[in-house]
Structures are given as C-alpha cells and as structure tokens.
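What follows is a short report on a single structure.
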Amino acid sequence: MCECEDIRVIAQEERKRTARKEHTCLECEKTIPVGAEYLDIRGVYENTSDTYALTTKMCLGCDEDWQKLTEIQYDHRGETCLCFGTLEEAIGEACNDGLLEDDDPLVIKWFGSPEPDGPEPLAIAPELPGQLHLFPDS
384 MCECEDIRVI AQEERKRTAR KEHTCLECEK TIPVGAEYLD IRGVYENTSD TYALTTKMCL
444 GCDEDWQKLT EIQYDHRGET CLCFGTLEEA IGEACNDGLL EDDDPLVIKW FGSPEPDGPE
504 PLAIAPELPG QLHLFPDS
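My numbering applies: residue 384 is where the sequence shown begins, and numbers increase by one.
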C-alpha cells in the first residue's frame, strides 16, 4: 500500500508555464532558466490531522520521467504512487524491484551508466523538502 494513502486531494491544478524568473526543479534541483517551460503544480491537500496548500515546480524533463515511471508502475502493479521529491528514490526502487533494467535510459539518466565510460548520473541533493503525494488524473 501507498505510504501516502491517507492524503486526500481537495483541489489540484497542473499548468505548463514559461519562467519569468529562475526557479529550481523540485526533483533534479537544476535551475529552470528564464524563458524555459516548466510544470507548475498547485494543490490543497488533507490528511487525518491537517489541511494544507502546496505549490511546486518541476522541469519538463523530470515531468517526462515522472510520467514514464508512473506508467511502468501501473503496468506492473496496477497502481501508481509517487511523492513529490522522491523521483530518484522511486526510480531506484523500480530498478531494485526488477521493473527497470540497469541499462534503461531512465536509470542511466539518474544513476549513470553501468559501463565504465558511460554517462555520469545527475547530481542530486540527498534530501529535498516538502514531499507530498501527486495523484494522477483518474
């Protein structure tokens, strides 16, 4: 079961926007430069003890990776669950669970190539604040 199953979405909106100032992607922590498109996610959520609002920004590359991973999870498990700020961890878990191979482009992008001269992984900070469940449209 999902660790976020007690969170209920009251309202959520996702929009592609064009950056008027620099932002930082929640997932890869890379800068979203002025003029670049990004995904702006805003929502009001509720759990057993609180109601809260969250706004987060995600670069389109991470959004694409997010969509790929949720499709893989749904195809193999019949469900999908990702929390904001946990994309790298979820890709690693999918690899450990046998849903992704070491040479999958998604794994190589985030963790580097299994080949000695292959691409380097993304440099990601170990902890990102504000993890929150993203519920795909049903």
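Where a beta carbon is used, it is the ideal one built from N, C-alpha and C, also for glycine.
Between the alpha carbons of F494 and C478 lies a distance of about 11 Å. Counted as a single uninterrupted DSSP element, the beta strand (DSSP E) harbouring V392 occupies residues 391-401.
Within the same chain, Cβ atoms closer than 8 Å to the Cβ of K404 are found at V417, the five residues on either side in sequence being excluded. Under the 10 Å beta carbon count, D448 is surrounded by 16 or more other beta carbons and is classified as buried.
Excluding five sequence positions before and after T401, the CB atoms of its chain that fall closer than 6 Å to its own CB belong to E420, given in chain order.
The three-state secondary structure of D448, taken from DSSP, is helix. Where L483 is concerned, there is no enclosing beta strand (DSSP E), because DSSP gives it neither an H nor an E.
One alpha carbon belongs to L422, the other to M441, and they sit about 5 Å apart. Taking the Cα of E429 as reference, the smallest distance to any Cα among E454, E476, R391 is reached at R391.
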